[in-house]
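In UniProt numbering, the protein residues as written are 1 to 390.
Dropping the structure here:
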C-alpha cells in the first residue's frame, strides 16, 4: 500500500522516544525524512503473519532508552552513522561485510555513544521538521520550503557529533568520504548489507534484527534512485582540502534539482530528481518506484526467514526496478558538470566547458579545482530554485 508522503504521522506511530520524555515528536524530514518516509511507509510481515506499516514497529532498541523504526534506521544510516572505513573500499565480500556490520554497530551496538548520540540528532532534526512542515502546510513543494527555511546547518550537525569515539566520524567527516552513496559503490554497499540481512534472517531466526540490518542497507538502495548519486564521479572528486569534494557536491546538487532521464533493466523509462526533491510533485513517478523497491527489499528478508534459505545476490529483484547507471550516464538534456571517467583518476575527469550553458555537451580536460569552485560560488547559478537556462 502506498502512503502519501504528505500525510502527517500520528503521534502513536512515532516510536523514537525516550520513555521519560513527554514532548510529542512530529514526523521527521526532509533529507533525513526522505529516507525515513520511504522506510516507514512499507509493510513488514512479522512472525505472526501480521503486516503492519513499518513506522509502527520498533525494530531497534538502543539500550532500552530509544527505539527506532525501519525508516529511522534507514535515514540515519551512512549519512550520520558509519566508520572511517568506507564499506565499498573493502578488498573482498567478507571485508565489505565486516565493514557494513561495523557501520551498523555505530548505531545499534555502541554503548559509548548511544542512546545519547542518536537522541541529540533526532532532537536537532526535529527543529528542521517543524520549520519545513509549517511551510509545506502553505501548499509549497517540500524542496522550496526546505531551501527557503534557512535552518539546515551542517556545522551545527557536526557539533552534535563531535564527541564520538575514535573511528566513529562526525557528520562532516562522514560526508567527506561518502562515495559509498554513489553509483556502483552504492549498489555494492546495498548488496553487502542486504545479503547480511538475508543471512541473518535465514540462519538465526531473528526477523526483527534482520529487518534492522536491511533498513541500514536500504539507505544505499534509495540513493540509487536519486539523480545526484547516479553519475557524479565521487571517488576522483575527493581531497585537496575538500575543494574536490565541493565540486562533487555542486554536480550532485545540480542533477538532483534539474533531473536526469533513466531506464531500468526492465526497460521502463522515467525522470529522476533527487535529494530535497523526493517528495516534490514532479518526482512522484520516481517516488512510487523507489517505494516499490524498498518494499521488495524487505519482502526478500521475510522470504529468507520463512524459507530458511539465503537468496543469491544475482537474484536480488531491486536491480530490475532501479535506474541503471549506464542510462543515467547516457545522453541527457542536462550535460554533466563533470564526466564520469573510465578510471578513478582525477586527471581523466573533464569539466563542462561552460558552467552557465547546462545543455552544451562540451568539456575541458584542463580545468582547475579552485577556479571551478570560485566561479560556481560567484555565479549564483546553483542557488535554489535552479534553472536549466539561468
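Glycine is no exception: its CB is placed at the ideal position from the N, C-alpha and C atoms.
Checklist line | Cα-Cα separation between residue 296 and residue 317, rounded to whole angstroms | finding: 7 Å
Check: Hey, would you say residue 368 sits closer than 9 Å to residue 355, going by beta carbons?
Finding: no
Checklist line | Chain-order list of residues whose beta-carbon lies under 7 Å from that of residue 104 (same chain, five-residue window excluded) | finding: 213, 216
Item checked: Cβ contact (3+ pairs, closer than 8 Å) linking the region 152–159 and the region 248–261 -> no
Item checked: residue 40 to residue 365 span [Cα, whole Å] -> 44 Å
Item checked: DSSP three-state assignment for residue 179, whether helix, strand or coil -> helix
Notebook entry, point to check: Between the beta-carbon of residue 188 and the beta-carbon of residue 96, is there less than 9 Å?
Noted result: yes
Check: Okay, do the region 41–48 and the region 177–195 touch, 3+ Cβ pairs below 8 Å being the bar?
Finding: no
Margin query: So for residue 57, helix, strand or coil by DSSP?
Written below: coil
Next item on the list: Quickly, what does DSSP pair residue 421 with across the bridge? List them, please.
Entry: Only positions 1 to 390 of the chain appear in the structure, and residue 421 is not among them; the question remains open.
Item checked: residue 23 versus residue 66 - alpha carbon distance -> Here residue 23 scores only 30 on pLDDT, less than 50, and its place in the model is too uncertain to base an answer on.
Next item on the list: For residue 437, name the three-state secondary structure that DSSP assigns.
Entry: There is no way to answer for residue 437, as the model of the chain reaches only from 1 to 390.
Item checked: Own chain residues within Cβ distance below 8 Å of residue 388, not counting five before or after -> 258, 333, 334, 358, 359
Note to self: Which of the three DSSP states is assigned to residue 43 in this structure?
What the structure shows: strand
Checklist line | Assigned secondary structure, residue 264 (DSSP; H/G/I helix, E/B strand, else coil) | finding: strand
Item checked: Run of the beta strand (DSSP E) containing residue 270, from where it starts to where it stops -> 269–272
Notebook entry, point to check: Taking the Cβ atom as the reference point for each residue, do residue 100 and residue 192 lie within a distance shorter than 9 Å?
Noted result: yes
Notebook entry, point to check: Hey, quick one: how far does the alpha helix (DSSP H) through residue 372 stretch, first residue to last?
Noted result: 369–379
Check: Per DSSP, residue 297 forms a beta bridge with which residues?
Finding: Bridge partners of residue 297: none, in fact.
Checklist line | Through-space distance from residue 240 to residue 393, alpha-carbon basis | finding: No answer is possible for residue 393: the residues shown for the chain start at 1 and end at 390.
Next item on the list: Can you give me the Cβ contacts of residue 121 inside the same chain, cut-off strictly under 8 Å, excluding the 5 residues immediately before and after it?
Entry: 76, 80, 157, 160, 161
Notebook entry, point to check: Which term fits residue 198, buried or exposed, when burial requires 16 or more other beta carbons within 10 angstroms of its beta carbon?
Noted result: buried
Next item on the list: For the alpha helix (DSSP H) holding residue 104, just list the boundary residues, first then last.
Entry: 93–108
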